[in-house]
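Position one of the sequence shown corresponds to residue 3 (our numbering), numbered consecutively onward.
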Amino acid sequence: MSAARALLARSAPLWQRLTAHPFVVEAGDGTLPAGAFERWLVQDYAFVVGFRRFLAGLVGQAPDARAADVLAAGMGPLQAELELFRREAGTRRVDLDAEPLPTALGYTSYLQASLADGYQTAITVLYGAEKAYYDAWVAVRATARKSSLYWPFIDNWSSDAFAGWVAAVARLLDASAPAGPTPGMCVAFDRVVRLELRFWDAVYSGERW
Ligand code: MP5
């Protein structure tokens with residue numbers, strides 16, 4: 003079994019909670035309260051800004067030029083994502099420069115700290131974060147209304163283009179661990195899934211410093 007598949011199989015019980023989270027379910031059926039969506043907008047904007055810094059660092063750690071090509075190709079779509087967040091925030095008069103809350107700050111800080119553990123750990127962290135968003139949003143894609151205010155966001159992380167990028171990252175992960183995931187990779191992957199769940203809890207219920 004490939005490293006990516008083995009990691010997913012190990013964390014299946016936690017993973018199933020991602021697609022059942024009320025934030026995702028309610029964004030999918032359109033019943034998510036505007037306040038929760040706006041909290042998410044601010045926190046996920048901070049996430050993507052921090053994620054871009056992490057991805058740039060990972061490009062610098064890539065073991066060869068082809069791996070760097072794959073990772074660097076992930077930077078372009080992030081620009082479009084940031085612009086989507088800025089447009090939506092402008093319409094809703096939401097301040098994207100508000101200080102990130104502890105969970106978002108903790109998650110982006112972990113992304114960047116994982117670079118110090120080396121490429122194998124950091125590529126595992128990248129795969130976990132991207133696969134979590136893909137699986138969650140693809141689970142609601144079929145039933146979501148295209149006229150929903152949330153559709154551009156659902157579409158962004160459940161598109162074929164995003165699926166292709168996640169699959170390419172899985173291949174890099176597999177190539178970095180031909181004998182299967184190391185104990186350190188398992189810890190990093192489970193930590194990412196737990197941070198994803200905490201992130202949605204924080205924006206759904208609200209969080210304070
Ligand atoms: C992603 C995200 C996907 N936007 N937010 C969280 C909390 N986890 C994962 O990453 P990206 O950078 O938008 O592709």
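Ideal Cβ positions, reconstructed from N, Cα and C, are used throughout, including at glycine.
Asked, Found
"Bounding residues of the alpha helix (DSSP H) (the contiguous stretch that carries R12)", "5–12"
"Through-space distance from R19 to D99, alpha-carbon basis", "30 Å"
"Chain-order list of residues whose beta-carbon lies under 7 Å from that of S116 (same chain, five-residue window excluded)", "T123, A124, V127, A190"
"The alpha helix (DSSP H) enclosing K148, as first and last residue numbers", "It is not in any alpha helix (DSSP H) - K148 carries neither H nor E in the DSSP assignment."
"beta-carbon V27 near the ligand MP5 non-hydrogen atom, thresh 8 Å", "no"
"Near the ligand MP5: W153 beta-carbon under 8 Å from a heavy atom", "no"
"Residue nearest to T21 in terms of C-alpha spacing, selected from F49, S4, L113, Y135", "Y135"
"Residue burial classification, F148 (beta-carbon count within 10 angstroms, cutoff 16)", "Position check: residue 148 holds Lys in this sequence, whereas Phe was assumed. K148 should be labelled exposed."
"Cβ neighbour criterion (16 or more within 10 Å) applied to P102", "buried"
"Rounded C-alpha distance that separates V50 from A181", "32 Å"
"Assigned secondary structure, E101 (DSSP; H/G/I helix, E/B strand, else coil)", "coil"
"6 Å Cβ shell around Y152 - same chain, five flanking residues per side excluded", "A29"
"Residue of S4, V26, L113 minimising C-alpha distance to V205", "V26"
"Distance CB(G130)-CB(E198) smaller than 9 Å", "yes"
"E90 (DSSP reduced to helix, strand or coil)", "helix"
"Inter-stretch contact at 8 Å, needing at least 3 Cβ pairs: the segment 170–187 / the segment 62–75", "yes"
"Stretch pair the segment 83–90 + the segment 39–57: three plus CB contacts closer than 8 Å", "yes"
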